[in-house]
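First up is the structure itself, then whatever we jot down about it.
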Amino acid sequence: MVHCVDRATRNRPMNRECGWRNLKRSWHVPLLGLLVLLMAGCAAATAPAENAEQAAVPSSSRRASSGQVAMQSAPAASSPGRPSPHSGRGDRRGRQPEAQLPPVVPTSLETTSTFGLDADDASWRRSLALARQGYILEPDDVRVEEWLNALRWDYERPEGEETFQLDLTVTRDPLDPDSWLALMGLSAAAPAEMPTRRFVSVVLDASGSMEEDNKLETARTLVEALIRRLSTEDRISLVQFSSVVLGEYTVRHATPDDPALAGSLRGFRPNGSTNAEAGLRKGYELALEGRRQDPEALHYVFFISDGVANVGDTRAESIIASLGGQRAEANPIRLVAVGVGIANYNDDLLEQVSNDGDGWYRYVYSPEEAQGLLAADSFAQLLSPAADEARAQVSWDAETVETWRLVGYLNRAAANESFEDDEEDFAELHVGQENTVVYRLKARPGAAGPLGTLALRWHHPGSGEPQTQMWTLDSESPVAWEDVAPIRRLALLVALAGENSAERLDDAQGRRKAIEEEFALLGGLTETRQGQEFGEILAASLPEPPAWFEQGRSTRGE
């Protein structure tokens, strides 16, 4: 059946039977109490030393010292880079195993696949930063859909009154000739009759961990770039928080040229713990005030942090749920989470808080990347919604398709019956967004005819009205891999490499080698921005950087 991750149960503690419940005699109770006291005393005696030792060693070093290496399929001696840093990544108990494989689904059991679309690209940007800093990638650094959606694949734009345009490519899998790959590229048009005035509440993490790496300057650059991009008709609020909200630096509903904003940023000096709940609560309070003042404007909370919440409520779902009142059927407050930093970083919280907050998730490593994120065109798209609660449903024709498997979208899979449920929470998309979906298929021998259908459902971001669009997935036969447009082959190689890195498939080393060889055949595409970035990430997922990568570094200006 369709694989579905239940967010509500991710961090639910396991219910373990203690084994003592069936004791009958009363004299066992004092004995049990004595044993508990003895065990507690032992734990108290040993815990401080153990905790102190662990606190002095970064989490990536603790992995290496315990014999665990980031590249599960390669021995430690062959790994050229540092293991990926995971301190502060949050409580991952109850999550799916790092190498869990999505199901290969026979159409005899299930023909329909339903999932939320995705506008995030943080996994790709952070994987690239890790590669450039000499780290090797771990499975949970990778969300394949974000790798695909971070890059632009030149899909045709929608024509006429259509909101989405579909670009379909079906070819044989270069790593498994018995399988087909179906690439569905979706591009969204800007919706009509949307407001242009914006209210933005910036929630800026000023805790002590923001002093590490170059988080401080990157975060400051983000806020300054955002202020410059806003028009005189827009309004901006600024909240700084550490252990508590730093009230003396709060600015409320100011015009972008208000000197109070510069004054607040001059006081941006990281210190103390990270109470993300308090910061977001204040940010949403100001956003709700703005929506009451101007309900027709677009309203955003812009959350800039390394995500390492350690004071107050530290769980994304309950943080958003506790705020109350921020959701609306039409024109909701949208949360844009922007992560900064490498070490001491909680990707989980930032991803989940943006998902639960009706927004999207970005990552920037440097002040230069911060400027790029909010360059003129990027800013106009990032803060212009295209579709709310966007979801897709693919129905495969069982007479044509024998099995199917969705590549990526592990934490966005949904129950099929939720597709038409307008109370369900799905994904928000912004203008200029491209969504790429890849399926691996096994076709029935000799089968001919359509593969199936693709349906999209979303809410208009202004009116909240549900809308749908549907296509028939026609493909007489798969196109030969060599005949597929090079830009589409690159997109499929990104999907295959992400799948391989995220899930550690059988023969992962051989699959990496085959992907590397196919990539080298793309010629000039390897020197485009997409190609160069993919080359760097691919090298970080290999035991040793490929020869072409080392030879090409000197020509890439890095």
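In numbering that gives the first Met the number 0, the protein residues as written are 0 to 557.
In this text, a Cβ means the ideal position worked out from N, Cα and C, and glycines have one as well.
In the three-state reduction of the DSSP assignment, residue 160 falls in the coil class, being assigned neither a helical nor a strand state. The way I'd put it, the stretch 384–397 does touch the stretch 428–443; three or more beta-carbon pairs between them come closer than 8 Å.
Using a Cβ distance threshold of 9 Å, residue 217 and residue 122 do not count as a contacting pair. In this structure residue 405 is in contact with residue 438, their Cβ atoms being roughly 6 Å apart against a cut-off of 8 Å. In the three-state reduction of the DSSP assignment, residue 302 falls in the strand class. It is roughly 20 Å from the alpha-carbon of residue 156 to the alpha-carbon of residue 483. Here residue 457 is bridged, per DSSP, to 466. If you look at residue 146, you'll find it in the alpha helix (DSSP H) that goes 143–148. Contact check between the stretch 187–194 and the stretch 162–174: three or more CB pairs, one atom from each, fall below 8 Å, which counts as touching. Contact between residue 370 and residue 224 holds: their C-beta atoms lie close to 6 Å from each other, under 8 Å. Note on the stretch 316–397: whole beta strand (DSSP E) runs with a minimum of 3 residues are 333–339, 359–363, 384–395, in chain order. About 5 Å separates the CB atoms of residue 244 and residue 281; that is less than 8 Å, so the two are in contact. The C-beta distance from residue 342 to residue 212 rounds to 7 Å, short enough to meet the 8 Å contact threshold.
The alpha carbon of residue 530 has as its nearest neighbour, out of 104, 127, 110, the alpha carbon of 127. By the neighbour-count criterion, in which 16 or more other beta carbons inside 10 Å mark a residue as buried, residue 177 falls on the exposed side. The DSSP assignment places complete alpha helix (DSSP H) segments of no fewer than 4 residues inside the stretch 235–285 at 258–265, in order along the chain.
DSSP places residue 136 in the coil class of the three-state scheme, outside both helix and strand. One alpha carbon belongs to residue 108, the other to residue 114, and they sit about 18 Å apart. Ranked by Cα distance from residue 411, the first of 491, 447, 395, 351 is 351. The C-beta distance from residue 455 to residue 467 rounds to 7 Å, short enough to fall under 8 Å. In chain order, 164 place their CB closer than 8 Å to the CB of residue 158, counting only its own chain and leaving out the 5 sequence neighbours on each side. Between the C-alpha atoms of residue 129 and residue 473 there is a straight-line separation of about 40 Å.
CA-to-CA, the gap between residue 152 and residue 495 works out to about 16 Å. Taking the Cβ atoms as the reference, residue 339 lies roughly 11 Å from residue 302, outside the contact range of under 8 Å. Under the three-state reduction of DSSP, residue 188 is assigned to coil, being neither helix nor strand. CA-to-CA, the gap between residue 231 and residue 538 works out to about 46 Å. Short of 6 Å from the beta carbon of residue 513, and not among the five residues preceding or following it, lie these beta carbons of its own chain, in chain order: 174.
With distances taken between CA atoms, residue 150 lies nearest to 120 out of 120, 141, 134. Judged by beta-carbon spacing, residue 335 lies beyond the 9 Å limit of residue 287, meaning their Cβ atoms are not closer than that value. The beta carbons of residue 111 and residue 480 sit no closer together than 9 Å. Taken atom to atom, the span from the alpha-carbon of residue 421 to that of residue 429 is near 19 Å. DSSP, read as helix, strand or coil, puts residue 424 in coil.
Just so you know, the alpha carbons of residue 464 and residue 332 end up roughly 17 Å apart. Burial state of residue 270 is exposed, judged by a 10 Å Cβ sphere holding fewer than 16 other Cβ atoms. Just measuring C-alpha positions, the residue of 265, 246, 298, 292 sitting nearest residue 277 is 246.
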